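As given, the protein sequences belong to chains A and B, one line each in that order. Taking the working numbering, the leading residue of the first sequence gets 1, the next gets one more, and so forth. Taking the working numbering, the leading residue of the second sequence gets 1001, the next gets one more, and so forth. Every residue, glycine too, gets a C-beta built ideally from N, C-alpha and C. The structure displayed is predicted, hence computed values, not measured ones. A quick write-up on the structure given underneath.
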Amino acid sequence: MTTYDADGITLEKVRDYVWEIPQEGGMNAPARVLASEALLEEIEQDKTLQQLKNSAHLPGVRKHAICMPDGHQGYGFPVGGVAGIDAEDGCISPGAVGYDVNCGVRMMTTNLSYDDVQGREEELVNNLFENIPSGLGGGGVVETGMDTIEAILERGMDWALEAGWAVEDDLAHCEDEGFRPEADADKVSKKAKDRGKNQVGSLGSGNHFLEVQRVTDVYREDVADSFGLEPDQIVVLIHCGSRGLGHQVCTDYLREIEQAHQGMLNQLPDKELAAAPAGSQLAEDYYGAMCAAINYAWVNRQLIMHRTRQVFERVFDQSWQEMEMDLLYDVAHNIAKKEVHTVEGGEERELFVHRKGATRAFPAGREEVPPAYNDVGQPIIIPGSMGAGSYVLRGGENSLAETFGSTAHGAGRLMSRTQAKNEYWGEDVRDELREQNQIYVKANSGATVAEEAPGVYKDVDEVVRVSDALGIGDKVARTFPVCNIKG
Amino acid sequence: MSFDLREHTADVAVEATGPDLDAAFAAVADGLAAAMCEDVPDDGERFSLSVSAESREALLFDYLDELIYERDVRGVLPVDNEATVSRDGDEWTCEATARGVPLDAITAREIKAVTYSEMDLAETDEGWHAYVVFDV
């Protein structure tokens, strides 16, 4: 048997790109890493593998805890981690969802070509930067009162539709139509709502961004056609989450669960994995609050997209409908959802599928995939770094068997933020991107540009290659940045 | 009291020390501010806050969470932190103040939340040592 020794943790090769850490000690299941050897060499550099082993300690984890090809160290649960945990005799863990509930990505297509935008990048990037709130304390597209926050939490994109920030077609092209019915605004603390009030429609900072991109490659023409993608076309990618509201929901429940379920916590190797037993009041309350934060994040991205349409209208002097600025899809990558999957012994079980830094990747035919894509599989949007391409994939046939219907969510970080700031200077990165790659970047902070420099990320091409080879997310198209704004 | 920002692949960690618990708490809070902004002006009004929790570690967590909450709600970066930690039976309390620098006057990056991951709060020969990972 081929093995890979990673500083005290031995991985056994199951087959190409599939590595297993056998169950031992307090683990309730084995753990798997889906990676090429090149990616595994990067993954073993930090605490990813230990965190993955720790996540397999969660009670009720089924089949195996999994690390996606872009996995890296997070807090408690690794980023790029997926765990299907039994919804009847398992648990739900806020730390395994992440602070930024429904951090995610959406892509909007247009009928503009790269030719239409060339020469106007500067005007476009400046307009986007001025009109789309970003950074710390930058406010939101709308300022809301408590009643509005409650409505957003309860109704998600349906609220945006009624308030004139969305059209019916946007809802039809969003995961879950932009609405989690289990959302319960009463389970979201006043503290969380206070933080969310002035941030509806804002990017935030860190690795969040809005990017105008051009399609450079199409790999599966039939699927690209269904997605409305063709070479040279301009698209817009938006990456952000549920802002302070979601962060507070996670924090609140982490603390409540820590106090109420100390017994379960004592079995776990990391306090950040604190989990509420399935069926407990706190499990139900957290699920309701998390679903409400999911709704908030969808509205957040919707408002940013709507504002982007207005900016394009001004810059290109056409209506957004004329430019066919339609939502391709919106995917969450920090989420726990009740889904039914086949587990050990062929049994069908309802699970809380925790995806932290991982994207749902359902293939054609799965009922949750919206009618628009049910024949081809759900679109998956994988953002790369500022200087690298992003990818559009579709849910692969093998995803249900391998990963509870999941794949990677991005390039995955390689270098710490502190090291990045020592190695890069924001202005140099920006100038180089413009001169060498014709990418126009505008950010609040030069430090953010340095921290997010292309060199701090793994090779997104390799991440996507592995996803495609495993058949969990199939390559459809590649895009390349034109303009990028960030906090 | 002092702090350093430590390497972490995706997030940021603050390592701090202080001769006593009060100083160590305030040093972590100053580290949190430094992780958000490198160049802080002298203005801003001081404000106070108070948190209680069931243990020393939980109190540090809740104190830092409260600072992040105040940042978003007041629209200020809490700097020059001062903290007083006390214990009454099973209840630990932190009475603190900070100078709130208006966010619109600075360029700052967002720290999303405090985490328990790898948290350390321990007494040493020189006083107290703390290590906290924040989600960026």
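Where V491 of chain A falls, given that 16 or more other Cβ within 10 Å makes a residue buried: The first residue shown for chain A is 1 and the last is 487, placing residue 491 of chain A beyond what the model contains.
Against chain B, does D46 of chain A count as a neighbour if the rule is that its beta carbon must be under 7 Å from one of theirs? Residue mapping note: residue 46 of chain A aligns to position 46 of the first sequence, counting from 1. Chain B places a beta carbon closer than 7 Å to that of D46 of chain A, counting this residue as a contact.
What does a CB cutoff of less than 8 Å around S399 of chain A pick up in its chain, not counting 5 residues either side in sequence? Along the first sequence, one-based indexing puts residue 399 of chain A at 399. If the five residues before and after S399 of chain A are omitted, its C-beta is found closer than 8 Å to the C-beta atoms of A361, F362, P363, G405, S406, T407, G471, I472, G473, all from its own chain and listed in chain order.
Beta carbon of A260 of chain A: closer than 6 Å to some heavy atom of the ligand COA? Absent from the structure shown: the ligand COA. Ligands present: none.
I think G241 of chain A touches A275 of chain A, with their Cβ atoms under 8 Å apart; what is that distance to the nearest whole Å? For the purposes of this step, residue 241 of chain A is taken as the residue at position 241 of the first sequence. For the purposes of this step, residue 275 of chain A is taken as the residue at position 275 of the first sequence. Not a contact, Cβ separation roughly 21 Å.
Could you name the residues of chain D that V1133 of chain B contacts, counting a contact when the two beta carbons are closer than 7 Å? Of the protein chains in this structure, namely A and B, none is chain D.
Who are the neighbours of E462 of chain A on chain B, taking C-beta pairs under 9 Å? The residue you call residue 462 of chain A lines up with position 462 of the first sequence. Neighbours of E462 of chain A on chain B: none; closest Cβ ~17 Å, over 9 Å.
Please report the residue range of the beta strand (DSSP E) in which I514 of chain A lies. Lying before the first or after the last residue shown, residue 514 of chain A is absent from chain A, which here runs from 1 to 487.
Contact defined as beta carbons within less than 8 Å: I believe V1076 of chain B pairs with A1033 of chain B. What is the distance between those atoms, to the nearest angstrom? Against the second sequence, residue 1076 of chain B aligns to sequence position 76. Against the second sequence, residue 1033 of chain B aligns to sequence position 33. Not really, about 10 Å apart at Cβ, beyond 8 Å.
Where S416 of chain A falls, given that 16 or more other Cβ within 10 Å makes a residue buried: Taking the first sequence and counting its residues from 1, one reaches residue 416 of chain A at position 416. Buried.
Please go through the same chain and pick out, in chain order, the residues whose beta-carbon is closer than 8 Å to the beta-carbon of A1108 of chain B, but skip the five residues on each side of it. Here the question's residue 1108 of chain B lines up with position 108 in the second sequence. Result list for A1108 of chain B: M1036, C1037, L1077, in chain order.
Under the three-state reduction of DSSP, which class applies to E462 of chain A: helix, strand or coil? Reading the first sequence from its first residue, position 462 is the one you call residue 462 of chain A. In the structure shown, E462 of chain A falls within a helical segment according to DSSP collapsed to helix, strand and coil.
Compute the beta-carbon to beta-carbon distance between E150 of chain A and A185 of chain A, rounded to the nearest angstrom, for a pair I have assumed lies under 8 Å. To locate residue 150 of chain A, count along the first sequence from 1; it is residue 150. To locate residue 185 of chain A, count along the first sequence from 1; it is residue 185. Yes, E150 of chain A and A185 of chain A are in contact; Cβ-Cβ is about 5 Å, under 8 Å.
When the cut-off is 7 Å and only beta carbons count, does G1089 of chain B lie next to chain A? Taking the second sequence and counting its residues from 1, one reaches residue 1089 of chain B at position 89. False, the Cβ-Cβ gap to chain A never drops below 7 Å.
Taking C-beta pairs closer than 7 Å, name the residues in chain B that D100 of chain A reaches, listed in chain order. The residue labelled residue 100 of chain A in the question sits at position 100 within the first sequence. Those within 7 Å of D100 of chain A in chain B are K1112.
If you follow the alpha helix (DSSP H) that C1094 of chain B is part of, which residue opens it and which one closes it? Here residue 1094 of chain B refers to the residue found at position 94 of the second sequence. First-last for C1094 of chain B: 1091-1102, but that is the beta strand (DSSP E), not the alpha helix (DSSP H).
Can you list, in chain order, the residues of the stretch 431-460 of chain A whose Cβ is nearer than 7 Å to any Cβ on chain B? Of all residues in the stretch 431-460 of chain A, N444, S445, A447, T448 have a Cβ within less than 7 Å of some Cβ in chain B.
What whole-angstrom Cβ distance do A96 of chain A and V188 of chain A have, given they're in contact under 8 Å? To locate residue 96 of chain A, count along the first sequence from 1; it is residue 96. To locate residue 188 of chain A, count along the first sequence from 1; it is residue 188. The C-beta distance from A96 of chain A to V188 of chain A rounds to 19 Å, too long to meet the 8 Å contact threshold.
Should V340 of chain A be labelled buried (16 or more other beta-carbon atoms within 10 Å of its own) or exposed? Residue 340 of chain A sits at position 340 when you count from the first residue of the first sequence. In summary, V340 of chain A is exposed, with fewer than 16 beta-carbon neighbours lying within 10 Å of its beta-carbon over all protein chains present.
Looking at chain B, is there any beta carbon in it that lies within less than 7 Å of the beta carbon of H409 of chain A? For the purposes of this step, residue 409 of chain A is taken as residue 409 along the first sequence, with counting starting at 1. Closer than 7 Å: no.
Determine, using beta carbons only, whether V1014 of chain B and F1003 of chain B come nearer to each other than 7 Å. If you number the second sequence from 1, residue 1014 of chain B lands on position 14. If you number the second sequence from 1, residue 1003 of chain B lands on position 3. Yes.
Any C-beta of chain A sitting closer than 7 Å to the C-beta of D1065 of chain B? Here residue 1065 of chain B is taken as the residue at index 65 of the second sequence, counted from 1. D1065 of chain B counts as touching chain A.
Say whether chain A places a C-beta atom closer than 7 Å to the C-beta of V1101 of chain B. By 1-based counting over the second sequence, the position of residue 1101 of chain B is 101. No, no contact with chain A.
With a floor of 4 residues, list each alpha helix (DSSP H) that falls wholly inside the stretch 102-143 of chain A, ordered by position along the chain. The stretch 102-143 of chain A contains these whole alpha helix (DSSP H) runs: 114-117, 121-131.
How long is the line joining the alpha carbons of G104 of chain A and C67 of chain A, rounded to whole angstroms? Here residue 104 of chain A is taken as the residue at index 104 of the first sequence, counted from 1. Here residue 67 of chain A is taken as the residue at index 67 of the first sequence, counted from 1. G104 of chain A and C67 of chain A have their C-alpha atoms roughly 18 Å apart.
Check M290 of chain A in the structure and name its three-state DSSP category. Position 290 of the first sequence, counted from the first residue, corresponds to residue 290 of chain A. Reduced to three states, the DSSP call for M290 of chain A is helix.
Is N484 of chain A closer than 7 Å to M386 of chain A when the C-beta atoms are compared? Counted from its first residue, the first sequence places residue 386 of chain A at position 386. Counted from its first residue, the first sequence places residue 484 of chain A at position 484. Contact: yes.
Need the endpoints of the alpha helix (DSSP H) that N54 of chain A sits in, please. Locating residue 54 of chain A in the first sequence gives position 54, counting from the first residue. 48-55 is the extent of the alpha helix (DSSP H) around N54 of chain A.
Nearest neighbour of T1124 of chain B, chosen from B:A1016, B:K1112, B:L1060 [CA to CA]: For the purposes of this step, residue 1124 of chain B is identified with residue 124 of the second sequence, where counting begins at 1. Minimum Cα distance to T1124 of chain B is reached at B:A1016.
Roughly how many angstroms lie between the CA atoms of Q51 of chain A and R32 of chain A, to the nearest whole one? Numbered from its first residue, the first sequence carries residue 51 of chain A at position 51. Numbered from its first residue, the first sequence carries residue 32 of chain A at position 32. Straight-line spacing of the CA atoms in Q51 of chain A and R32 of chain A works out to 12 Å.
What does H72 of chain A reach in chain B if we use C-beta pairs closer than 8 Å? Here residue 72 of chain A is taken as the residue at index 72 of the first sequence, counted from 1. What H72 of chain A touches in chain B: T1009, A1010.
Where E347 of chain A sits in the DSSP three-state scheme: Working through the first sequence from its first residue, we reach residue 347 of chain A at position 347. In the structure shown, E347 of chain A sits in coil (DSSP, three-state: anything other than H, G, I, E or B).
At the level of alpha carbons, what is the spacing between V125 of chain A and T342 of chain A? On the first sequence, position 125 is the one that residue 125 of chain A refers to. On the first sequence, position 342 is the one that residue 342 of chain A refers to. Taking the straight line from one Cα to the other gives about 46 Å.
If the cut-off is 7 Å on Cβ atoms, which residues from the stretch 76-91 of chain A count as contacting chain B, listed in chain order? Result list: G76, V79.
Taking beta-carbon pairs under 7 Å, can you tell me which members of the stretch 386-420 of chain A lie near chain B? Among the residues of the stretch 386-420 of chain A, those with a Cβ less than 7 Å away from any Cβ of chain B are R413, S416, R417, T418, Q419, in the order of the chain.
What does A1016 of chain B touch in chain A if you count any residue whose Cβ is under 9 Å from its own? In the second sequence, counting from the first residue as 1, residue 1016 of chain B sits at position 16. Correct list: empty, because the minimum Cβ distance to chain A is about 15 Å.
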